[in-house]
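Residue numbers (this note's numbering): 76 to 358.
Built from N, CA and C at the ideal position, the CB exists for glycine as well.
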């Protein structure tokens with residue numbers, strides 16, 4: 076029976092630290108503030124926005140909601156983003172993506188001030204992750220994986236890690252963060268041959284494949300810690316599920332995150348911690 080690595084305990088610890096820092100900052104006259112920029116009415120964007128607002132409120136972080144219709148033009152969006160960059164009362168900006176097709180998303184990301192990029196979407200932030208300079212902030216989901224490992228005392232140094240997925244949101248940055256903690260990392264992707272033979276050799280497996288329950292028991296062996304980043308809707312089961320087939324993996328491995336209730340619940344807590352840290356840098 077594997078240890079279930081619930082995100083709620085990790086998020087609670089992060090939130091407690093953020094709340095204490097917010098109280099200190101407010102005594103210094105600084106009120107940490109996050110601007111959430113949303114285009115359109117996508118249900119998943121609205122859900123994430125509400126979750127972030129709730130988490131911010133619990134920690135005492137202010138939220139400024141900036142919303143646009145789905146057909147907003149590039150110039151209008153960029154002008155408002157420029158205003159947020161210059162607004163000293165705003166310490167972090169969260170841009171909900173993907174943006175509608177008429178917008179140049181890469182240009183929008185480039186336009187965000189790196190100092191306010193609390194979700195690791197700018198080149199400057201990613202460069203900090205890849206060079207280990209400590210500048211900027213990693214993508215929140217990637218850092219949430221690392222926070223879970225640390226909270227539950229799962230040692231990274233000297234361990235072998237396999238990451239399934241190579242996106243800039245999770246796969247590549249989390250691989251760099253594992254390497255920074257002295258893990259030996261293999262990144263697997265759609266062109267990798269015989270992925271199960273690679274993952275079975277790993278001590279830590281982080282899965283961000285993007286496909287519901289495609290990683291089954293064949294990929295695992297006893298003694299592993301598994302972080303499942305995926306969140307998908309299973310029509311067959313009528314519920315949310317991860318990229319890992321939990322029912323097959325859980326009896327084999329030593330520790331595994333659930334879906335829901337794992338990485339996702341930690342991600343917004345990481346976001347809040349980034350906003351608080353960005354606010355502290357303004358003093």
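Nearest to residue 163 by alpha carbon, out of 109, 326, 327 and 94? If you number the chain shown from 1, residue 163 lands on position 88. Checked all of 109, 326, 327 and 94; the closest Cα to residue 163 is 109.
Neighbourhood of residue 220 by C-beta distance below 7 Å, restricted to the same chain and skipping five residues each side: Your numbering for residue 220 matches position 145 in the chain shown. Cβ within range, chain order: 249, 281, 302, 304 and 338.
Suppose contacts are defined by Cβ-Cβ distances below 8 Å. Is residue 141 in contact with residue 350 by that definition? Here the question's residue 141 lines up with position 66 in the chain shown. Here the question's residue 350 lines up with position 275 in the chain shown. No, the pair does not count as a contact, with Cβ atoms beyond the cut-off.
Is the number of C-beta pairs between the segment 223-232 and the segment 92-99 that are closer than 8 Å three or more? no
State the DSSP-derived secondary structure class of residue 156, mapped to helix, strand or coil. Here residue 156 corresponds to residue number 81 of the chain shown, with the count starting at 1. In this structure, residue 156 counts as helix in the three-state DSSP scheme.
List the whole-angstrom C-beta distance separating residue 262 from residue 171, where the pair is believed to meet the contact cut-off of C-beta under 8 Å. By 1-based counting over the chain shown, the position of residue 262 is 187. By 1-based counting over the chain shown, the position of residue 171 is 96. Not quite, the Cβ-Cβ distance comes to about 27 Å (not below 8 Å), so this is no contact.
Which of helix, strand or coil does DSSP assign to residue 126? Taking the chain shown and counting its residues from 1, the one referred to as residue 126 is at position 51. Note: residue 126 maps to helix in three-state DSSP.
Candidates 347, 322, 358 and 342, of which the one nearest residue 76 by Cα: Translated into positions along the chain shown, residue 76 becomes position 1. Nearest option by C-alpha distance: 322.
Going by C-alpha distance, which of 156, 288, 298 and 294 is nearest residue 309? On the chain shown, residue 309 is found 234 positions in, with the first residue counted as 1. Taking only the C-alpha atoms, the option nearest residue 309 is 288.
Excluding five sequence neighbours on each side, which residues of the same chain lie with their C-beta closer than 6 Å to the C-beta of residue 134? The residue you call residue 134 lines up with position 59 of the chain shown. Contacts found: 90, 93, 94, 97 and 347.
Between which two residues does the beta strand (DSSP E) holding residue 205 run? Here the question's residue 205 lines up with position 130 in the chain shown. Careful: residue 205 lies outside any beta strand (DSSP E), inside the alpha helix (DSSP H) at 198-206.
Here's a check: name, in chain order, each residue in its chain whose Cβ is nearer than 6 Å to the Cβ of residue 283, leaving out the five neighbours to either side. Position 208 of the chain shown, counted from the first residue, corresponds to residue 283. Cβ neighbours of residue 283 beyond the five flanking positions: 240, 245, 246 and 304.
Confirm, please, whether the CB-CB distance from residue 202 to residue 175 is below 8 Å. Locating residue 175 in the chain shown gives position 100, where the first residue counts as 1. Locating residue 202 in the chain shown gives position 127, where the first residue counts as 1. It is not a contact, given that the beta carbons lie outside the stated cut-off.
Just reading off the beta strand (DSSP E) that residue 369 is part of, what are its end residues? Because the chain in this structure spans residues 76 to 358, residue 369 falls outside the shown range and cannot be described.
Quick one: using the 10 Å Cβ neighbour count with 16 as the cut-off for buried, is residue 286 buried or exposed? Start at 1 with the first residue of the chain shown, and residue 286 comes out as number 211. Exposed, since its Cβ has fewer than 16 Cβ neighbours within 10 Å.
Going by Cα to Cα distance, which pick from 271, 235, 345 and 80 is closest to residue 294? The residue given as residue 294 occupies position 219 in the chain shown. Measuring from the Cα of residue 294, the nearest candidate turns out to be 271.
Measure the alpha-carbon distance for residue 129 versus residue 121 and round it to whole angstroms. As a position in the chain shown, residue 129 is number 54, starting the count at 1. As a position in the chain shown, residue 121 is number 46, starting the count at 1. Approximately 12 Å, taken between the alpha carbons.
Can the beta-carbon of residue 214 be found closer than 8 Å to that of residue 194? Counted from its first residue, the chain shown places residue 214 at position 139. Counted from its first residue, the chain shown places residue 194 at position 119. Against a cut-off of 8 Å, the Cβ pair of residue 194 and residue 214 comes out as a contact.
Do residue 226 and residue 132 come within 8 Å of each other at the CB atom, strictly closer than that value? Looking up residue 132 in the chain shown gives position 57. Looking up residue 226 in the chain shown gives position 151. For residue 132 and residue 226, no; Cβs fall outside 8 Å.
Per the DSSP calculation, residue 109 is bridged to which residue(s)? Walking along the chain shown from the start, residue 109 turns up at place 34. 138 and 167, per the DSSP bridge assignment.
Count the other CB atoms, across all protein chains shown, that sit within 10 Å of the CB of residue 357; report buried if there are 16 or more and exposed otherwise. Taking the first residue of the chain shown as 1, we reach residue 357 at position 282. By the neighbour-count rule (16 or more Cβ atoms within 10 Å), residue 357 is not buried but exposed.
Quick check: the Cα distance between residue 116 and residue 106, rounded to an integer number of angstroms? Reading the chain shown from its first residue, position 41 is the one you call residue 116. Reading the chain shown from its first residue, position 31 is the one you call residue 106. Each residue's Cα considered, the two are about 29 Å apart.
Alpha helix (DSSP H) containing residue 314: first to last residue? On the chain shown, position 239 is the one that residue 314 refers to. From DSSP, residue 314 is part of no alpha helix (DSSP H) but of the beta strand (DSSP E) over 314-316.
Terminal residues of the beta strand (DSSP E) in which residue 282 lies: Stepping through the chain shown from its first residue, residue 282 is reached at position 207. Run containing residue 282: 279-282, per the beta strand (DSSP E) assignment.
Where does residue 334 fall in DSSP's three states? Against the chain shown, residue 334 aligns to sequence position 259. Here residue 334 sits in coil by DSSP.
How would you write the range of the alpha helix (DSSP H) that residue 83 sits in, first residue to last? Position 8 of the chain shown, counted from the start, is the residue given in the question as residue 83. Start and end: 82-102.
Just curious, the beta strand (DSSP E) that residue 239 is in, first and last residue? Numbered from 1 along the chain shown, position 164 holds the residue referred to as residue 239. Counting along the chain, the beta strand (DSSP E) containing residue 239 begins and ends at 235-239.
Classification of residue 206 by the beta-carbon crowding that lies within 10 angstroms, buried from 16 upward: Translated into the one-based positions of the chain shown, residue 206 becomes position 131. By the neighbour-count rule (16 or more Cβ atoms within 10 Å), residue 206 is not buried but exposed.
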